[in-house]
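Some notes on the structure that comes next.
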Amino acid sequence: GIQVEQSPPDLILQEGANSTLRCNFSDSVNNLQWFHQNPWGQLINLFYIPSGTKQNGRLSATTVATERYSLLYISSSQTTDSGVYFCAVGGRGSTLGRLYFGRGTQLTVWP
Amino acid sequence: EPEVTQTPSHQVTQMGQEVILRCVPISNHLYFYWYRQILGQKVEFLVSFYNNEISEKSEIFDDQFSVERPDGSNFTLKIRSTKLEDSAMYFCASSYPLDRGINEQFFGPGTRLTVL
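In the order they appear, the protein sequences are chains A and B.
Under our numbering, the first residue of the first sequence is numbered 158, with each subsequent residue one higher.
Under our numbering, the first residue of the second sequence is numbered 1135, with each subsequent residue one higher.
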């Protein structure tokens, strides 16, 4: 299967700070999604971004598929941004596009 | 906005018992999935399902597991004889691919299964 490495594993920030989360993957992909797992365990879709750049409010993401990495940017972080951020990728060898998840980045934002 | 729903939110069972986890995917979606997440670990794929057939399954999805779409709205995961190591959060997901193999998956809130 596809290996997905996320860094850093843990990130602690003061409210208002900016951060960059990285996702490296080991093979060509046709699907890449970023999720936020909230304290109740729910996976919230942030971006569907197999290539290119997208922005949604204070969050933006960039995937460079040819170099096999994606970045998630969080600007002006808020305490509600705390939680685990997962990157998940789907490869071309899977008919329905099973997702391979990374181990996540645990983000803690202090007031 | 349409969303994937799952019931129950929590399930506690005794080892060896059968459990059925239920999901209602987004209504116009065609592809359905189950994933699980053992506490503190990453999310792992179990099975994908399309047109009333399993499309792909992982090595975790052994003979103890089965899936079914009993009607036009529900999608179920059955664990025949639960083990302690089946304790996990189970997520259902669905997608409507615009192109074959390219699709965004939407996840339900999960069912937390505890096996005693």
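A virtual CB, placed ideally from N, CA and C, is assigned to each residue, including glycine.
#1: Assuming V1251(B) is part of the beta strand (DSSP E), what are its boundary residues?
#2: Do the stretch 1150 to 1164 of chain B and the stretch 215 to 225 of chain A touch if we need at least three Cβ pairs shorter than 8 Å?
#3: Cβ closer than 7 Å: which chain A residues qualify as neighbours of P1243(B)?
#4: DSSP three-state call for T1216(B): helix, strand or coil?
#5: Excluding sequence positions up to five away, which residues of its chain have a Cβ less than 8 Å from the Cβ of R249(A)?
#6: Going by the DSSP bridge assignment, what does W1168(B) pair with across the sheet?
#7: If you draw a straight line from the alpha carbon of N1142(B) to that of C180(A), how long is it in whole angstroms?
#8: For D1197(B), is the classification buried or exposed, using 16 other Cβ atoms within 10 angstroms of its Cβ as the cut-off for buried?
#9: Round the Cβ separation of V1249(B) and K1212(B) to the nearest angstrom and send it over; I've been treating them as touching at under 8 Å.
#10: Would you list the one or two residues that DSSP bridges to D167(A)?
#11: For L1180(B), tell me which candidate among S1189(B), G1174(B), Y1169(B) has the shortest Cα-Cα distance.
#12: Taking the alpha-carbon of D238(A) as reference, which of V246(A), Y226(A), T265(A) has the nearest alpha-carbon?
#13: Please state whether DSSP places A174(A) in a helix, a strand or coil.
#14: For R1214(B), which residues of its own chain have a beta-carbon under 6 Å away from its beta-carbon, when the five flanking residues on both sides are left out?
In terms of the structure at hand:
#1: Past the edges of chain B, shown from 1135 to 1250, lies residue 1251(B), and the structure says nothing about it.
#2: no
#3: Q199
#4: coil
#5: S185, V186, N187
#6: V1181(B), C1226(B)
#7: Checking the sequence shown, residue 1142(B) turns out to be Pro, not Asn. If you take the alpha carbons of P1142(B) and C180(A), they lie about 33 Å apart.
#8: exposed
#9: Between K1212(B) and V1249(B) the Cβ distance is about 14 Å, and since that is not below 8 Å, they are no contact.
#10: Q263(A)
#11: Y1169(B)
#12: T265(A)
#13: coil
#14: E1152, Q1198
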